[in-house]
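Residue numbers (my numbering), protein chains in the order written: chain A, 1 to 443; chain B, 444 to 724.
Where a beta carbon is used, it is the ideal one built from N, C-alpha and C, also for glycine.
What follows is one structure encoded as structure tokens, with my remarks underneath.
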Amino acid sequence: MPRPRRFIRLGIRQKVVLVLLTVLLTALSVSGWLVLRDVEQNVFSETQRRGVEMADYLSRSLAYSVVGYDYHTIQLLLDQTVQTGDVVHVRVLSDRGNPMAEVQHADRDTVERVAFQSPITLNGETEVGHLELELSIEPIALQLADQRASLVKREILVIALIALGEFVALSWIIIGPLTRVSRALESNVDENGVILRDIPEESRDEIGELARRFNQMRAQLNAANQTLHGRVEAADRELQEAYQKLLEQSAALQHSNLELERLSLTDPLTGLGNRRAFDQAIEADLALFRRHGDVASLLVLDLDNFKAINDTHGHDVGDLILCQFADALQSNVRETDSVCRLGGEEFAVFLRRADHEAAMLSAEKLRSAVQNMVVEVDEELSLSVTVSIGVATLSTSMRLTNAVALYKAADQAMYASKQTGRNRVTHFESLEARLNWNPEAAI
Amino acid sequence: MKRALLLCLTMLLPLSLVAADKPKDLVFGSVAMDIPAQMLKRLTPVIDYLSLSMDMPVSLRLSPNMPDAIKQVSEGHTDLAYLTPVAYVRARANGGVEPLVKTVTGGEEAFRLMIVVAEDSPLQSVEELAGKRFAFGDKAALLQRATVVGAGMPLENLAEYHFLGHYDNIVRGVINGDFEAGILKDTSAYRWEGKGIRILYQSPLLPPYVIAARQGLDPQVVEGLRQALLAARADDPVSGPAMRALDPSYDSFATVTDADYDVIRELIRPFDTPPPAQAAR
């Protein structure tokens, strides 16, 4: 959950001073409230005492006037009483309960007041009247307000002085050293993570201790950093070497793969491409024929009586014949033609851009070359071989448009050559004319 | 024989002087209408005026109470005195003082005392005051009690009565219910009538304060004093201060005869009846 963003950032000084102010304000407020409560109680008890005394004194002063029904004198006395002191209302009742005189202070009819009562007695015995007296507590309220204001001023002054002192002390004891430490840490690490300088250890307090510990840690960190750097460099070197080896192994593997690829496409005896390579080689030409009608022809060649040679002279002679036969083929085809060994003594030549006639010429040329080829087995034995060749040319009309059909047609023609006496060339189209060749049936 | 004749002449001389002497100065006395300091303040302008008018020194001698004032003027220790009606009647009876002038208040040469009750009081007649509380003014003001008795209410029929001094006290006492009734001078009664006070009874017209001369004062001096006093007016630049100081309500003085005070004598007669022992003496 993301933390809410703070708009006001407070430093240590501000935080400490804020906490201090809060604590001081609370403490002084509680203290002040207690003091004010005591003062208030004292003032109220003093007022109570004064009111009782005043009522008692006034009662005694009024006694003779009350008993003599001297309303005028009573009124004068009450007037004087109200004009002086805190009396806001005073009333004298006769022994019959009738108001004999009453004075309400003109300007104090709304002020808060405390009421007192006192019987008016003659010589402390006979009750001749009753006094009701109300004292204003306005002076008390003013006194309390003054004391409250004075207390608040005192509190503010005390808080301000303490806050100022705390601010200065914090600045001198904590913030100053911390600032110096902070400045010392500034740009103190190089690009290798090495801490460059010690921070000053000026004081013996916690900050000085922190600086000392930091400097110790700096030495340890730098040493550890150096060790780590060594290890990293060694590991880096090893990694590079391993990477290099990996590259080499990868190249070797790629080479092996290429070699394997080559081997998988090459006949090991003759060095010619095998059937798989042959299929790959002619695939694009067949596509061109189907797309653009580029003509090409296939020759299927099979050495005549090769089994008999093997049986008579052994496989080594047979292999020698095969190799020389392959060389003869390679030597007598165009550079753009492809030669491959289909298997055993059967070979194929793909003639690009060779129509019926051109294919027949090339086939005849090959047949002739084989016929003229002499295989020197040893000083005493020389052998000659012939070859039967079947030819098929790509043709839409004869539905010879893919590799299988083309091969079958050429092979069919090659067998026709075998059947008609060997050492000859037969074109598939000549077979069709003769046998009313049905490609569907042939395939 | 000559010595005896001379002795006789010597003894007679003071008597002739007392009978009709012409003093070098005059002494003014007064009943105690107020506290001494206030009396001094009220009467000093009067003696200053008389001194100026008579062209002779006039000094003041204040009495602490009414009997003393009566005694002083009756026995000739003061040459003239400012007296209440009752005090005058007493001084006349005791020392044969001669009335010089009476005071005129608001144009009136007489006044009435009035029995008042609270405005909402159920009392409708003096007879109903029986068993009620009554407020008088000064204990020395015999005329107030005499008026109540003269109205037909013996004091002993009242439940109780108190002397409250000032008329203001009487008004307050009646209004607040401490007293069912009280007695006021007519001016005070009219001032409070309808403001909490109702007039229950009015006395007959009564003569006011009087200034009287002692018996035997030189007639020329007496006449001079009378004329000087009759000439005084509250609005006169010379005599005005004296009139206003004596009583702000006074307008002037008026001529007076002893017969004016017969009504007083009638009223106070019940109080003058001496006890049997005194009567025998």
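Item: Using 10 angstroms around the beta-carbon of residue 338/A, count the other beta-carbons present and answer buried if the total reaches 16, otherwise exposed.; Value: buried
Item: Is the Cβ-Cβ distance between residue 655/B and residue 531/B less than 8 Å?; Value: yes
Item: Can you tell me which of 345/A, 291/A, 138/A and 162/A puts its alpha carbon nearest to the alpha carbon of residue 319/A?; Value: 345/A
Item: Could you please give the first and the last residue of the uninterrupted beta strand (DSSP E) stretch that includes residue 386/A?; Value: Here residue 386/A belongs to no beta strand (DSSP E), and DSSP marks it neither H nor E.
Item: Tell me whether the beta-carbon of residue 560/B lies closer than 8 Å to the beta-carbon of residue 623/B.; Value: yes
Item: Decide if residue 515/B is buried, meaning its Cβ has at least 16 other Cβ atoms within 10 Å, or exposed.; Value: buried
Item: When we look at the beta-carbon of residue 614/B and count the other beta-carbons within 10 Å, is it buried (16 or more) or exposed?; Value: buried
Item: Using a Cβ cut-off of 9 Å, pull out every chain B residue sitting near residue 72/A, in sequence order please.; Value: 607, 608, 609, 611, 612 and 615
Item: For a test of the three-state rule: what should DSSP assign to residue 254/A, helix, strand or coil?; Value: helix
Item: Would you call the region 687 to 696 of chain B in contact with the region 544 to 557 of chain B, where contact means no fewer than 3 C-beta pairs closer than 8 Å?; Value: yes
Item: Could you tell me how far apart the beta carbons of residue 140/A and residue 43/A are, in whole angstroms, since I believe they sit closer than 8 Å?; Value: 5 Å
Item: If we count Cβ pairs, one from each stretch, closer than 8 Å, do we get three or more for the region 415 to 435 of chain A versus the region 391 to 399 of chain A?; Value: yes
Item: So, does the CB of residue 69/A fall closer than 8 Å to a CB anywhere in chain B?; Value: yes
Item: Compare the beta carbon distance of residue 466/B and residue 681/B with 8 Å and say whether it is the shorter of the two.; Value: no
Item: For the region 617 to 629 of chain B, which residues have a CB atom closer than 8 Å to at least one CB atom of chain A, in sequence order?; Value: 619, 620, 621 and 622
Item: Residue 116/A to residue 72/A, Cα distance in whole Å?; Value: 23 Å
Item: For residue 578/B, decide whether its Cβ has a neighbour in chain A, counting only Cβ atoms nearer than 8 Å.; Value: yes
Item: Between residue 219/A and residue 213/A, what straight-line distance do the alpha-carbon atoms span, to the nearest angstrom?; Value: 10 Å
Item: Determine the DSSP secondary structure at residue 130/A, reduced to helix, strand or coil.; Value: strand
Item: Counting contacts by CB-CB distance shorter than 8 Å, is residue 119/A in contact with chain B?; Value: no
Item: Taking Cβ positions only, does residue 96/A come closer than 8 Å to chain B?; Value: yes
Item: Tell me which residue opens and which closes the beta strand (DSSP E) that residue 628/B is part of.; Value: 624 to 628
Item: Beta strand (DSSP E) containing residue 667/B: first to last residue?; Value: Unbroken run through residue 667/B is the alpha helix (DSSP H), 662 to 674; no beta strand (DSSP E).
Item: Can you find a CB in chain B that lies within less than 8 Å of the CB of residue 54/A?; Value: no
Item: In the structure shown, what three-state DSSP assignment does residue 10/A receive?; Value: coil
Item: Measuring only the C-alpha atoms, how far is residue 404/A from residue 307/A?; Value: 26 Å
Item: Residues of the region 122 to 139 of chain A with a CB closer than 9 Å to any CB of chain B: list them in chain order, please.; Value: none
Item: Would you call the region 143 to 158 of chain A and the region 13 to 21 of chain A in contact, with 3 or more CB pairs under 8 Å?; Value: no
Item: Tell me, please, whether the region 590 to 603 of chain B touches the region 564 to 578 of chain B by the rule of three or more beta-carbon pairs shorter than 8 Å.; Value: yes
Item: Classify residue 469/B: buried if its beta carbon has 16 or more other beta carbons within 10 angstroms, exposed otherwise.; Value: buried
Item: Got a sec? Which residues, its chain only, sit under 8 Å from residue 162/A by beta carbon, not counting five neighbours each side?; Value: 20 and 24
Item: What is the rounded straight-line gap between the Cα of residue 707/B and the Cα of residue 699/B?; Value: 14 Å
Item: First and last residue of the alpha helix (DSSP H) that includes residue 584/B?; Value: Looking at the DSSP string, residue 584/B is not in any alpha helix (DSSP H), and its letter there is neither H nor E.
Item: Below 8 Å between beta carbons: does that hold for residue 136/A and residue 158/A?; Value: no
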